[in-house]
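Residue numbers (our numbering), protein chains in the order written: chain G, 25 to 375; chain U, 25 to 375; chain B, 25 to 375; chain L, 25 to 375.
Protein chains: 4
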Amino acid sequence: MDKKIEVGILGATGTVGQRFIQLLEGHPWFEVAWLGASDRSAGKRYAEATAWQLDTPIPARIAEMTVAECTPGAGPQLAFSSMAGTQAGEIEEAFARSGHFVVSNSSHFRMAEDVPLLVPEINPEHLALLAVQRKNRGWSGAIVTNPNCAAMVLVMPLAAWKAFGVNRVLASTLQAASGAGYPGVPSLDILGNVIPYIGGDEEGKFARETVKILGALSPDGERIEPLPAQVAANCHRVPVIDGHMVTASVGFEAPPPLPDLARALDVFSGRPQERNLPSAPARPIHRTEALDRPQPRRDAGAGSGMATTVGRLRPCPILGVRFTALSHNVIRGAAGAAILNAELIHAENLL
Amino acid sequence: MDKKIEVGILGATGTVGQRFIQLLEGHPWFEVAWLGASDRSAGKRYAEATAWQLDTPIPARIAEMTVAECTPGAGPQLAFSSMAGTQAGEIEEAFARSGHFVVSNSSHFRMAEDVPLLVPEINPEHLALLAVQRKNRGWSGAIVTNPNCAAMVLVMPLAAWKAFGVNRVLASTLQAASGAGYPGVPSLDILGNVIPYIGGDEEGKFARETVKILGALSPDGERIEPLPAQVAANCHRVPVIDGHMVTASVGFEAPPPLPDLARALDVFSGRPQERNLPSAPARPIHRTEALDRPQPRRDAGAGSGMATTVGRLRPCPILGVRFTALSHNVIRGAAGAAILNAELIHAENLL
Amino acid sequence: MDKKIEVGILGATGTVGQRFIQLLEGHPWFEVAWLGASDRSAGKRYAEATAWQLDTPIPARIAEMTVAECTPGAGPQLAFSSMAGTQAGEIEEAFARSGHFVVSNSSHFRMAEDVPLLVPEINPEHLALLAVQRKNRGWSGAIVTNPNCAAMVLVMPLAAWKAFGVNRVLASTLQAASGAGYPGVPSLDILGNVIPYIGGDEEGKFARETVKILGALSPDGERIEPLPAQVAANCHRVPVIDGHMVTASVGFEAPPPLPDLARALDVFSGRPQERNLPSAPARPIHRTEALDRPQPRRDAGAGSGMATTVGRLRPCPILGVRFTALSHNVIRGAAGAAILNAELIHAENLL
Amino acid sequence: MDKKIEVGILGATGTVGQRFIQLLEGHPWFEVAWLGASDRSAGKRYAEATAWQLDTPIPARIAEMTVAECTPGAGPQLAFSSMAGTQAGEIEEAFARSGHFVVSNSSHFRMAEDVPLLVPEINPEHLALLAVQRKNRGWSGAIVTNPNCAAMVLVMPLAAWKAFGVNRVLASTLQAASGAGYPGVPSLDILGNVIPYIGGDEEGKFARETVKILGALSPDGERIEPLPAQVAANCHRVPVIDGHMVTASVGFEAPPPLPDLARALDVFSGRPQERNLPSAPARPIHRTEALDRPQPRRDAGAGSGMATTVGRLRPCPILGVRFTALSHNVIRGAAGAAILNAELIHAENLL
């Protein structure tokens, strides 16, 4: 690659925006050329505008960049978005209308009928919606989204088992504090404590997004037919920095033998591995037979934060099979997911 | 009460033994008169023999008592046991054979056919097994047990709903570090981390004990017929000091309306409340409609640690209804449970 | 006491305001009759206006009270204040001008020359400033303050040693998250972490307040002559809920023998103990010889949160003597301190 | 380098032993060829013998190696030691006597008169003691040690300031749980808590080692003359995984201006940087002007865990200057320190 592709970041000063910057530093294809944030931050040096959280320093070049307002048309064509809140949808739409390809981690468009909710290992064919999206909306640009950080954990093993006819999923999540951004969860709420609730309809997002991600493109190519499965999640916040854990029981039309399920996890692979995308983990799923794994502090970094670790696979007397899965909520569940999406989009010449 | 009943404590130096001492200080009926522990501790002053963990000081009188070996026959007739490990069963049996009434928090005898697994609000009629136990075993004493600290959380709401025909329970637990005793869980394993596994067959105990506790005395009064329900639990250790949380989905033969289930929790009450036992909470179940409760740090102390808090009651698309329950694992789930058992036994003139 | 004295709370919805309510519930002299907070909260039921943090429930009567605006003249004559931020000074002053006796936990007036920075065990004679204050300012009411929560920890042992001629103090603090209020410290900053800095010039407050508290009323009774000692503090925030720890080295004009220092701690007592004030701890200082105490989770509750625990007393090769002290930052260091101040003021007929 | 130098590890299954393995994986000069541990572990596969704690997996080749008994003569000439407990000294001595060059993280020999307590940036000339050691003891091998993990934090800035005549140091440490090894600190002692004490005479080690490290080789080259400074430390354990923080006040014979002290930190460098040793950080000291840094979770990894971060440099009204320093206790304070020592020894042709 002679010259890197310039990218912008909408919402560059937040928790996920910082991860975009960290993960894109030294990226072989992309180069951060533009940083957008709220009006409050615009005009400041990035180092002043952000409260940097990560354990690697702000890259020197980025620290000196000036933060811009999120004015459509500004910045490179390829824009990563980690905007939060109510205005995210409007801004992303304005950027897409004015020609930007928005690769978004926000929740606003995930469930829109003509917007791919893309997990490159699972549903690259959903990118066919892009043509529909442009036709429907008259945009010169486009929007592609990645899943909610908790849903992301579970869709990977479910995808590996899709052929076995998953029809019921009952999940319990133990989610890290970083999932709430910064300042996010007050320490008085979570030190030595657990909260059995996550706002923003987290449980609804989990259920809806899971069946869309695992769904099939309709015969006319115009929409996604969701996986016909019942999914429910009970979400908990735990005093962990990074790494969402999901313990789930899964029902099947015809329950397969456990060894078949284990093997399906072990051999699971997809388009990012075929195309050897820069951010693709060598194996999307790391299966462990250690009794007490996965654990967030020890396993969230698997595959540079892009792999999902699955353990405790065993029969469930109620639904069929149960297990615990874990991945890094800010990497595989947010910034890393969006970057992998952009890599696939570039590799498939859709930019 | 003219004179208090003297009690002994088997395993007085451990986490639960310390709680026995704390909770029995100032008890209106019982008075600690004898402390037994391992040979390593025997002969020492209690204050030297134990690594006191609690945030109230060792009662002065107890601090000066000399710890004895656990020799059957020694100590008062009524003995609380919080012994751990493989020798617990042998010692408890020897004490019961030599005439002691052993009120045990240990797991050894919980599933024995002729041993009550007693929760006074739920199954006081199981005490009828005591006659069978004495007949079977030829003991002059007896053994009564209380449940595993995680099972204890869930049986309370399940008992309130027993009339509705509970037939399936899928539970996910978030358990406090104190459940593992002292030194218990190493800090390097649990600081900023979650472990999706608890040793000692915790999940098996949860499932088996739940259906025994909720079971019915057989017509011949010789055994407990377990509740005919499928129960499964996925256990997690979380960085919390005290308070086990259980989020569960429950299936019913004929799913009742949610308001009926809520009312059943609100009105639930039992023998300890009728008899106004000293350690009985005024209401065994505290139901909350706060979206983000119960929480261990804020709710474990409800009803002086003897009440179970239930929140997030809502429909479950997979099994019927779901909710989160919490109680104090060392009080309601261990020492307090045993003390309440002893209070019932005394009140029913079974000592 | 025939009838209780009605009190108001300025800033009733914050962390310290909640503690006022918790500690005043069942108080033998005072009764909460008025709750003031920001305009945002005014008009709401208290239960709606506050995010209650404590592990005891909101008293039912208080939950239903309507929060008022902080309009001078409103509410009872005796007003506790836990207002934060820039407007605290203005509001407290307006209340004092309009006749209220303001017993404040805020920092605004602590260093004002004519305002007592009162610790009843240490400097009850500083109340003589009240006459000066009224004369100077023409107020019909008055303001009395209590110390910063970290300074509070150390002044107690220093007061016990005042006769020995303390002249240098070098302190290192480990402060709990509750000291920053709610939402306060973001969990991403403090989970598994330590921050060697506390904003709001905490170190300056510590140094200045310490020498004022330990100072003497000037011969003309018009001001406090600070203790002529050099004091420096290095403040750290640690992942603890409640309980500020201070490890300090102290220099003396003529270093006394350690046993004399120990005895001085053991016998230290003051006006609250003489007058048997309702919130006075039986002994202001609990000295421990346990090697590894005090600890916040185990000792912050000493004396119902009103005692200071001092341990690790030993020689310091640099300054003379060193030790670790700890007290509850929201009780002895805030709400409890103000209540004890009000009790003294009432007992001395100064209301 | 044609062929790597084989190394052994004494105490390979502990917390520091695991770090040796992690840090030596892919080392350009050294290759782990032998693993020694207690008799209990000997004969087992390494993966079975150890409870691996780290967030990178056990290198596959190492996992399959068989753990050996620590029999002198066994294993390669160069042996890293992370043995703990009373037998460490005996075993290390036996290995040195039988010809091994023991690069030890244990405390046993640190204060021995003829054993270098080596920090390559600070006192490489102390290696002259090796000739004395061999002469005195008749060993064919040798022992070199690295400092206590808390002392290590402070000696780096003190060395940068040695020319200014440091004469008094009063330090307060906030030490991570990993410093106590595994299982180490029980979670019930440290979750939401702080312990103002660390066993094993930590404070004494800190004081004694600091002045030896900063000391000068005596004119006859036979011993180290300690720095003539008074040093005292107050040690605290905090709920942090990795990273020891030390806040200290320092006195000087002639207090230099702060900018001179800052510059001395910025330009500090030593033999490892000159020789470009593989584990040497580019700059031994990272100075920060951020008000709230260093922090263990964000700064322990500086310079791949080999740099010391210094912040909050400011005047101290008691001693002269104060600041906060931090480094990774298991890397710079243990395994990484020993590896850097071995690199220097190899580079200086002393093996």
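We put the CB at the ideal spot given by N, CA and C, even for glycine.
Check	Outcome
Coarse secondary structure for Q101(U), derived from DSSP in three states	coil
Buried versus exposed call for Q379(U) [16 or more other C-beta atoms within 10 Å across all chains shown]	The structure shown does not extend to residue 379(U), since chain U is modelled only from 25 to 375, so the question has no answer here.
Which of helix, strand or coil DSSP assigns to C340(L)	strand
Proximal residues to Q376(G) (C-beta, below 8 Å), its chain only, five neighbours per side dropped	Because chain G is modelled from 25 through 375, residue 376(G) falls outside the range shown and cannot be assessed.
Interface partners of I214(L) on chain U, CB under 7 Å	S211
Distance cut-off 8 Å: P83(L) Cβ against heavy atoms of the ligand PLP	By its list of ligands, the structure shown contains no ligand whatsoever, and the ligand PLP lies outside what it can speak to.
Of the residues A331(B), Q319(B), G327(B) and E367(B), the one placed nearest W76(U), counting alpha carbons only	Q319(B)
Secondary structure of R21(U), DSSP reduced to three states	No answer is possible for residue 21(U): it lies beyond the span of chain U, which begins at 25 and ends at 375.
Three-state secondary structure (DSSP) of A257(G)	strand
Endpoints, the beta strand (DSSP E) within which S273(L) is located	H268 to F276
Burial state of Q157(U), where buried means 16 or more other Cβ atoms lie within 10 Å	buried
The stretch 91-101 of chain B in contact with the stretch 130-149 of chain B per 3-pair CB rule at 8 Å	no
Proximity to I176(U) [Cα-Cα], best of G123(U), T333(U) and N373(U)	As written in the sequence, residue 176(U) is Met, which differs from the Ile given in the question. Ranking the options by Cα distance to M176(U), first place goes to T333(U).
Segments assigned beta strand (DSSP E), at least 3 residues, entirely inside the stretch 130-209 of chain U	166-169 and 190-199
Stretch-stretch touch, CB-based, cutoff 8 Å, three pairs: the stretch 320-331 of chain L with the stretch 143-154 of chain L	no
Contacting residues, own chain, Cβ-Cβ under 8 Å from N129(L) (five flanking each side not counted)	V40, F104, S105, S106, T169, N170, A358, A359, A361 and A362
Contacts that D79(B) makes with chain U (C-beta to C-beta distance below 7 Å)	R321, R322 and G325
Complete runs of the beta strand (DSSP E) confined to the stretch 48-103 of chain L [at least 3 residues]	54-61
Residues that I248(U) bridges to, as DSSP identifies them	L241(U)
Best match in P207(G), V262(G), A195(G) and L301(G) for proximity to I214(G) [C-alpha to C-alpha]	V262(G)
Pairwise C-alpha distance: E116(B) and C259(U)	52 Å
Minimum Cβ-Cβ distance from T271(U) to chain G less than 9 Å	yes
C173(U) at chain G interface by Cβ criterion, 9 Å	no
Beta-carbon proximity of Q111(U) to T74(U), cut-off 9 Å	no
Beta carbon proximity, I265(B) to chain G, threshold 9 Å	yes
Unbroken alpha helix (DSSP H) run spanning I29(G), endpoints	That residue, I29(G), is in no alpha helix (DSSP H); its beta strand (DSSP E) goes I29 to L34.
Limits of the unbroken alpha helix (DSSP H) element including R321(U)	P320 to D323
Contact list for I219(L) against chain B, beta-carbon separation under 9 Å	D316, R317 and Q319
Nonlocal neighbours in the same chain, by C-beta distance under 6 Å from A288(G), ignoring five residues either side	A184 and W185
CB of D266(B) within 9 Å of CB of A200(B), strictly	yes
Residue-chain proximity (G38(B), chain G), Cβ-Cβ < 9 Å	no
Per-residue burial, V139(B) [other beta carbons within 10 Å of its own, 16 or more giving buried]	buried
Cβ pair A257(U), T312(U) closer than 9 Å	no
Same chain only: Cβ atoms within 7 Å of S65(B), ignoring 5 sequence neighbours per side	T37, A73 and V91
A304(L) versus W53(L) - alpha carbon distance	13 Å
At least 3 beta-carbon pairs within less than 8 Å: the stretch 341-358 of chain G vs the stretch 268-287 of chain G	yes
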